[in-house]
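**Student:** Take the sequence shown: its position 28, counted from the start at 1, is 396 in our numbering, and no numbers get skipped.
Here you go, one structure.
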Amino acid sequence: MSTVLLRDRHRVVTVIAIAMLVSVGVYWVVVELIARLQTRTYPFPGEVRVGYLAFAVGVIVASAASIVRRSMLAGGPADTDAGARIQVASVVTFALAEIPAVLGVTAFLMTGLREAAYPLFVVAVAAHAVYFPRWSQWEEWAQAGPSTRR
369 MSTVLLRDRH RVVTVIAIAM LVSVGVYWVV VELIARLQTR TYPFPGEVRV GYLAFAVGVI
429 VASAASIVRR SMLAGGPADT DAGARIQVAS VVTFALAEIP AVLGVTAFLM TGLREAAYPL
489 FVVAVAAHAV YFPRWSQWEE WAQAGPSTRR
């Protein structure tokens, strides 16, 4: 695969990663606005267990993103475009890293507890930091054979 084409794909995925990271900040602003307006009634007001459940699911999904990325990068016999495979695996990983933030907003909308959302926002930001596209990693994946990518 050409280095120029791989670099172009990396640049696109980097922009997507930054946009998804910014969206976590937007979720935080939405939670703050809704909490300060105090115009909403919540189906489970003050129910902390909903936040605990959302946190557990968010951590599991953020951790599973690594497994999903590894399996997507494993390739197969018809692996003709490694760059496309790396690009898709990265975007799917970012989408999975975004799920804890969505769960945080959902937990807040169900309970009215901002404290249920904040830890999930931290998990989402941490997952985005871990899975952020690094050029050296992309080069290594593109040069490695399908069975040796991790």
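Virtual Cβ for every residue (Gly too), placed ideally from N, Cα, C.
Bear in mind the structure is a predicted one, so any value in this text is a computation, not a measurement.
For the alpha helix (DSSP H) containing Pro-468, list its first residue and its last residue.
**Tutor:** 450–479 is the span of the alpha helix (DSSP H), which, as asked, contains Pro-468.
**Student:** Look at Val-399 and Leu-481 and say whether their C-beta atoms are less than 8 Å apart.
**Tutor:** No, these two residues do not count as a Cβ contact at 8 Å.
**Student:** Looking at Thr-461 and Ala-433, is the spacing between their C-beta atoms short of 8 Å?
**Tutor:** The answer is yes: Cβ separation under 8 Å.
**Student:** Write down the C-beta distance between Phe-489 and Ala-469 rounded to the nearest angstrom, noting that I regard them as a contact closer than 8 Å.
**Tutor:** Confirmed, Cβ separation roughly 6 Å.
**Student:** Within the same chain, show all residues whose beta-carbon is closer than 6 Å to that of Pro-487, passing over the 5 residues directly before and after it, in chain order.
**Tutor:** If we look at Pro-487 and ignore the five residues flanking it on each side, its Cβ neighbours are Phe-423.
**Student:** Closest by CA to Val-425, which one among Arg-453, Val-491, Arg-502?
**Tutor:** Checked all of Arg-453, Val-491, Arg-502; the closest Cα to Val-425 is Val-491.
**Student:** DSSP state of Phe-412, grouped into three classes?
**Tutor:** In the structure shown, Phe-412 sits in coil (DSSP, three-state: anything other than H, G, I, E or B).
**Student:** Counting only beta-carbon atoms, is Met-440 nearer than 8 Å to chain C?
**Tutor:** Among the chains of the structure shown, chain C does not appear; only one protein chain is present.
**Student:** Check for me: the alpha helix (DSSP H) holding Gln-511 runs from which residue to which?
**Tutor:** Where Gln-511 is concerned, the enclosing alpha helix (DSSP H) stretches over 503–511.
**Student:** Given a cut-off of 8 Å on the beta-carbon distance, is the pair Ala-387 and Ala-430 in contact?
**Tutor:** No, they are not a contact pair.
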